[in-house]
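2 protein chains.
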Amino acid sequence: MPTTAFAAQRDLALHHQVREDLLLKLRSGEWAPGAEIPPEPALCAHYGVSRGTLRRALGDLVNEGYLERFPGRGTFVRPPKLETGLAGSFGRFTVVGPSFAQASRLVFCRRSRASASIAAVLKVKPGAPIWHLERVRLADGRPAALQSSYLPRRLYPGLDRQPLASRFLLDIMAEEYGVALLRAVEFVDPTVADGYAARHLGIKPGTPLFRVERTTYTSGERVAEYRLSVLRGDIFRYRNEFR
Amino acid sequence: MPTTAFAAQRDLALHHQVREDLLLKLRSGEWAPGAEIPPEPALCAHYGVSRGTLRRALGDLVNEGYLERFPGRGTFVRPPKLETGLAGSFGRFTVVGPSFAQASRLVFCRRSRASASIAAVLKVKPGAPIWHLERVRLADGRPAALQSSYLPRRLYPGLDRQPLASRFLLDIMAEEYGVALLRAVEFVDPTVADGYAARHLGIKPGTPLFRVERTTYTSGERVAEYRLSVLRGDIFRYRNEFR
DNA sequence: GAGTGGTCTAGACCACGTT
DNA sequence: ACGTGGTCTAGACCACTCA
Chain R
202 MPTTAFAAQR DLALHHQVRE DLLLKLRSGE WAPGAEIPPE PALCAHYGVS
252 RGTLRRALGD LVNEGYLERF PGRGTFVRPP KLETGLAGSF GRFTVVGPSF
302 AQASRLVFCR RSRASASIAA VLKVKPGAPI WHLERVRLAD GRPAALQSSY
352 LPRRLYPGLD RQPLASRFLL DIMAEEYGVA LLRAVEFVDP TVADGYAARH
402 LGIKPGTPLF RVERTTYTSG ERVAEYRLSV LRGDIFRYRN EFR
Chain F
202 MPTTAFAAQR DLALHHQVRE DLLLKLRSGE WAPGAEIPPE PALCAHYGVS
252 RGTLRRALGD LVNEGYLERF PGRGTFVRPP KLETGLAGSF GRFTVVGPSF
302 AQASRLVFCR RSRASASIAA VLKVKPGAPI WHLERVRLAD GRPAALQSSY
352 LPRRLYPGLD RQPLASRFLL DIMAEEYGVA LLRAVEFVDP TVADGYAARH
402 LGIKPGTPLF RVERTTYTSG ERVAEYRLSV LRGDIFRYRN EFR
C-alpha cells in the first residue's frame, strides 16, 4: 500500500476523510470495477485508523452502491449496473415541473360503493362505502392534472364538507382525520388524452400524458387512498439517476 | 421504558433485531411522525445492547429515511413527505417489465458530425466526429424499444466493427474500450409512436410510448453516450415508491 | 489453517443545544 | 451544568472461503 501519503485534516470526521480518499481511488480508476481492494487490516494501517472507523467508511460506500463485500472472500469494486437488462433497473427519481397549488377545481365528490376492482385495491369488501372524488389540479394557475381519488368512507366521515378545493387532500386526510400516511407506491404509464381529460385539461385529445396510479398506505398496511391521475406530459418529466 | 419485553433471537444480528423492533414502533404508530424517541442510553438499557449496536440500528433507520437526528436535541420520527406539491417529489423507482436481450436488431451505425445540439449534450465541439447508431431492442424475442445512440467517435475507434447486434452496447464501451461508466441520468416523457417508430416496433402509429433520454457519464463528468429511446408503454411501467 | 468480513462490547472524548 | 448525538479506539469472538 505504498501509495501517496494520507494526511488527516482536523475538524472533519475521520471516517468521512477515509471515505473520500477511497472514493477517489474508485473514481480515478486506480481501483477498476470488479477489482478486489485491500483487506481491512491493510487499510487500517494505511490510514492509521481503528477498524471501527474504517468500517464506517467502507459501510457507507457499500450502502451507496460503490462497493460489494463477501464474508471470507473480500471487498470488491461494484461494476455499475446501468442497464444490462432494463427491468429491475433502479435508482432515484425526481419529478421535474411546477408544483401543484393547494387550490384545485373540484369536479365532484360523491358517495359510492366499491366495485370489485376498487375493493381489491382499497382492501375493503365489494360494495363497501367509499368516496369518489375528482379534481383538476393546478400548477402555475393552469390545469396540469386530472385526478380521481377513491377512499374508504369509513375513515373519512363528512369528507364532502371539507374544503376539498382549497387544501391538499393528503393534508385533510392526515390533519382532519388523523390518518398517518406512511408510504405510497406509484405506477407510471404513458397514455394519451381522451375527450374527457382533454376538456378538463384544456388540451387536444391525443396529447401524450402520464397516467399515474398511486396507492397510499397508512398503519397496518391499510389503504388510505387510491388515486388515478393523468399528468400533462408537456409540463412534467421524470428524472432518474443511476449509479 | 417499561413496554413489552424484548427477547433477542439467536442467529440473527442483534442490530437487525433492534432495527426491526424500532421500525415496528414507527409503523404501528406507537411513535407518531414528528415525535421524539427515547435517547440512546434509555434504548440501550431497554434492549440490553451496547451503544455501538444500538447506533447501528438507528443509523440504518436514518439512512432509510425513517428517523432524523439532531446533535444536542434528540432523535425524531421523520414525517413522510408524500406529496404536498409533486415537483421535487422524490423516491426510489424500478422499471417493471421484461429484460432486454443482449441481441438487438442493428438499423444502422454510421460516422457523423455533431450538430450544435448533439455537441452540447456530448460536451464536444460542434462538427466533432461522432458515431450515430440505431437499434431495435428485443425483450422476450419481440421488439420492445427503439434506441438512437450518439457517441464521441474519439473514444470508440472502429466501433462499427464490433458485434453491435449481439452484445450490450454498454458492455462493449466498458470492456472493449475501457470506458468506465460511472453514472447515468435519464429524463422520461410520454409520447406516441410516429410512423417510423411504429414500423420498427410493430405497433400502430399513435400508440403511447415512453420517451427516454439518457446521458451516461464516465470519469471527469465526460459524456460516454447520449441515447434517445422510445419504449413500448404496453410492456414497461415505472414503479415509484415514496416514504 | 490462515485470512476474510460480520458482529458486539466497553469506554472515552467531543460539539452541540437546552436549562 | 447537563443531556443529546457524533466520533473514535481497542479488543474480542464468530462464520465463511480458499488453499
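From first to last, the protein sequence lines are chains R and F. In this text, residue positions in the first sequence follow the working numbering: the first is 202, and each later residue adds one. In this text, residue positions in the second sequence follow the working numbering: the first is 202, and each later residue adds one. From the three backbone atoms N, C-alpha and C, an ideal C-beta is built for every residue, glycine too.
{"Item": "Start and end residues, alpha helix (DSSP H) containing GLU221 of chain R", "Value": "215 to 228"}
{"Item": "Pair within 9 Å by beta-carbon distance, VAL380 of chain R and ARG336 of chain R", "Value": "no"}
{"Item": "CB contact flag (ARG440 of chain F, PRO281 of chain F, <9 Å)", "Value": "no"}
{"Item": "Where LEU402 of chain R falls: helix, strand or coil (DSSP)", "Value": "helix"}
{"Item": "Contacting residues, own chain, Cβ-Cβ under 8 Å from GLU221 of chain F (five flanking each side not counted)", "Value": "none"}
{"Item": "Nearest neighbour of SER157 of chain R, chosen from F:ASP361, F:SER316, F:GLU422 [CA to CA]", "Value": "This structure cannot speak to residue 157 of chain R, because chain R is shown only from 202 to 444."}
{"Item": "Environment of ASP395 of chain F [buried if 16+ CB atoms lie within 10 Å]", "Value": "exposed"}
{"Item": "Chain-ordered residues of the segment 309 to 326 of chain R with a beta carbon less than 8 Å from chain F", "Value": "none"}
{"Item": "Within 9 Å, strictly: CB atoms of LEU334 of chain R and LEU360 of chain R", "Value": "yes"}
{"Item": "Min CB distance LEU268 of chain R to chain F below 9 Å", "Value": "no"}
{"Item": "Cβ shell of PRO234 of chain R (< 8 Å), same chain only, five flanking positions each side left out", "Value": "VAL278, ARG279, PRO280, PRO281"}
{"Item": "Backbone secondary structure at VAL263 of chain F - three-state DSSP", "Value": "helix"}
{"Item": "Cutoff 9 Å: VAL386 of chain R Cβ touching any chain F Cβ", "Value": "yes"}
{"Item": "ARG314 of chain F versus VAL325 of chain F: straight-line alpha-carbon distance, rounded", "Value": "10 Å"}
{"Item": "GLN348 of chain F versus LEU371 of chain F: straight-line alpha-carbon distance, rounded", "Value": "13 Å"}
{"Item": "Cβ-Cβ distance between VAL413 of chain F and LEU323 of chain F below 9 Å", "Value": "no"}
{"Item": "Within-9 Å CB hit, PHE277 of chain F to chain R", "Value": "no"}
{"Item": "Exposed unless 16 or more other CB atoms sit within 10 angstroms - verdict on SER316 of chain R", "Value": "exposed"}
{"Item": "Interface flag, SER305 of chain R vs chain F, CB-CB below 9 Å", "Value": "no"}
{"Item": "Among F:ALA236, F:VAL297, F:TYR248, F:PRO242, the one whose alpha carbon lies nearest that of TYR267 of chain F", "Value": "F:ALA236"}
{"Item": "Residue-chain proximity (ALA236 of chain F, chain R), Cβ-Cβ < 9 Å", "Value": "no"}
{"Item": "Proximal residues of chain R, C-beta to C-beta of GLU442 of chain F below 9 Å", "Value": "ARG384, ALA385, VAL386, GLU387"}
{"Item": "Chain-ordered neighbours of PRO409 of chain R on chain F, where CB pairs are closer than 9 Å", "Value": "ASP390, PRO391, THR392, VAL393, PRO409, LEU410, ARG412"}
{"Item": "Short CB-CB distance (under 9 Å) between TYR439 of chain F and chain R", "Value": "yes"}
{"Item": "Rounded distance between the beta-carbons of PRO391 of chain F and THR392 of chain R, thought under 8 Å", "Value": "7 Å"}
{"Item": "Residue from R:ASP212, R:ARG428, R:GLU241, R:LEU402 whose Cα sits closest to the Cα of PRO272 of chain R", "Value": "R:GLU241"}
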